[in-house]
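Numbering (the numbering used here), first residue to last: 118 to 643.
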């Protein structure tokens, strides 16, 4: 269903020499139980500037997050020497950016890092997005922040006591990578990704170690984890080296997870919706000449979301484009994420938008998967079920056919009530505004899109879908009907849905009889 990731399968550019980005020291090591990163001592650091020691070579710290290249975070070590080095008794550790005590996570190392080779330490994941890492040499409790913190390669497996400041030459410290605003580093911290959606790794540049994190590490969208078993001529590409040419229906498949999840594909489609502004950071494409009354790929959607993450690419609504990128699932929605702007090319300008496919009110829950990210025309009655998200997210809850009744108003708590609740949940669909930010956000240029002070709309009123079509998307655990571009209070009335009164407010209170009147008002959300 919906997601966004740069191409995690891309290879590093450059020669085999350029790929050797780090260096290791000969490890004639002594056991150290407690280390202080803030105390400078005369004993040499094992990460030497002359290229004779094991180093932290690459760190990818946003595993599984939005737009993730890989499901798991990782730290890659490198051995630039001409001899294998045993790592038994060493560990990779993480300490938060503002911490002053022990490390927050420790992964003990064992085995050998080969001469001129790599060693992969697998960390935690924030979710299910991204490709699977190559088989790691070590894995454990390592969950670094994606934007600021300190990684250390140390002699010993006990959590080290961390101080603050520059730690070049600290006793027992093999190598340190401080990044972002961390208080522990070599000379100065390295520049870090802006956030988990800024999918880049920290890479040691050209194998140079000057004991200055800010100079030695740069950010790269080409992320290439390599383990000790990785072919030295292949920088650990976990996916196909060449993209698979596929139709959008083949990418979507007939289940809720793409059969090509994690692979790099090339597809063609007409741009049907544009969300490059508004927070979703992408476009929607659909197979040319698909849609309408006749479905050539029953059970499989012909539309897909393309996550651009700020990339400037060609293509306007109605243009046919070619997209090459990694397939992933973002909180249940299938998406394709180009590695760079060159991943989207214009094939034919003005090719024409496909006809909207009817979305009957009887298609609910998981059955909507076959229409995910297609241009649809909802048919039948869709009634307003709730407006409680309207003034925060510009979103109305709808029920198809008739309004649902809360399960425990019909059945006592238990299996029968749970079944009603599940059915109600499957019915729900949201009429959204195309924005992925709240109305109060400075990035939102207007007010909520539907209700106005001159229009009284009540639960039970029917929706008249004014646009030629809406894109059916999945996000934040709900199916959503999105306008093809973001809308707000300034959008022309002709481009917004209207509402037919089905539940008018009585002019006067009804006569109920009786001798005593009791009034109540729910102020829980007042």
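Note that the Cβ used here is the ideal one computed from N, Cα and C, for glycine as well.
Grouping DSSP H, G and I as helix and E and B as strand, with all else coil, what is residue i?
i, result
"residue 163", "Confidence at residue 163 is low in this model, with a pLDDT of 40, below 50, so the placement of that residue is unreliable and no value is reported for it."
"residue 589", "strand"
"residue 429", "coil"
"residue 552", "coil"
"residue 527", "helix"
"residue 202", "strand"
"residue 604", "coil"
"residue 485", "helix"
"residue 479", "coil"
"residue 533", "helix"
"residue 439", "strand"
"residue 622", "coil"
"residue 322", "helix"
"residue 237", "strand"
"residue 460", "helix"
"residue 74", "With the chain running from 118 to 643 in the structure shown, residue 74 is simply not present."
"residue 640", "coil"
"residue 307", "strand"
"residue 540", "helix"
"residue 610", "helix"
"residue 148", "A caution first: residue 148 carries a pLDDT of 33, below 50, which makes its placement in the model unreliable, though a value can still be read off. Coil."
"residue 301", "strand"
"residue 445", "strand"
"residue 563", "coil"
"residue 635", "coil"
"residue 124", "Bear in mind that a pLDDT of 33 at residue 124, under 50, signals an unreliable position, so the model cannot answer this."
Can the beta-carbon of residue i be found closer than 9 Å to that of residue j?
i, j, result
"residue 224", "residue 196", "no"
"residue 242", "residue 181", "yes"
"residue 414", "residue 382", "no"
"residue 183", "residue 587", "no"
"residue 450", "residue 509", "no"
"residue 551", "residue 635", "no"
"residue 435", "residue 467", "yes"
"residue 78", "residue 222", "With the chain running from 118 to 643 in the structure shown, residue 78 is simply not present."
"residue 653", "residue 185", "Here the chain has residues from 118 to 643 only, and residue 653 is not among them."
"residue 442", "residue 460", "yes"
"residue 543", "residue 592", "no"
"residue 384", "residue 401", "no"
"residue 416", "residue 474", "no"
"residue 345", "residue 236", "yes"
"residue 489", "residue 369", "yes"
"residue 202", "residue 321", "no"
"residue 375", "residue 316", "no"
"residue 293", "residue 207", "no"
"residue 300", "residue 215", "yes"
"residue 343", "residue 234", "yes"
"residue 496", "residue 478", "yes"
Residue i CB to nearest chain C CB: under 9 Å?
i, result
"residue 430", "No chain C appears in this structure, which consists of one protein chain only."
Going by DSSP, name the residue or residues bridged to residue i.
i, result
"residue 500", "516, 579"
"residue 595", "592"
"residue 269", "210, 293"
"residue 229", "203"
"residue 474", "493"
"residue 182", "Its beta-bridge partners do not exist; DSSP assigns none."
"residue 508", "Per DSSP, none; premise fails for residue 508."
"residue 423", "400, 453"
"residue 615", "581"
"residue 568", "Residue 568 is not bridged to any residue."
"residue 187", "248"
"residue 255", "238"
"residue 275", "DSSP output for residue 275 lists no bridge partner at all."
"residue 283", "302"
"residue 175", "193, 320"
"residue 546", "515"
Taking only heavy atoms of the ligand GDP into account, decide whether any of them is closer than 8 Å to the Cβ of residue i.
i, result
"residue 339", "What this structure holds is no ligand at all, so the ligand GDP is not there to describe."
Identify every run of the beta strand (DSSP E) within the stretch 327-394, keeping only runs that are complete inside it and at least 3 residues long; order them along the chain. 334-337, 381-392
Counting beta carbon pairs with one atom in the stretch 255-270 and one in the stretch 383-402, are three or more of them shorter than 8 Å? no
Tell me whether the stretch 492-501 and the stretch 512-526 touch, counting them as touching only if at least three CB pairs, one residue from each stretch, are closer than 8 Å. yes
Could you check whether the stretch 273-284 touches the stretch 300-310, counting it as contact only if at least three pairs of C-beta atoms, one from each stretch, sit closer than 8 Å? yes
Should the stretch 574-585 be regarded as contacting the stretch 614-634, the criterion being three or more beta carbon pairs within less than 8 Å? yes
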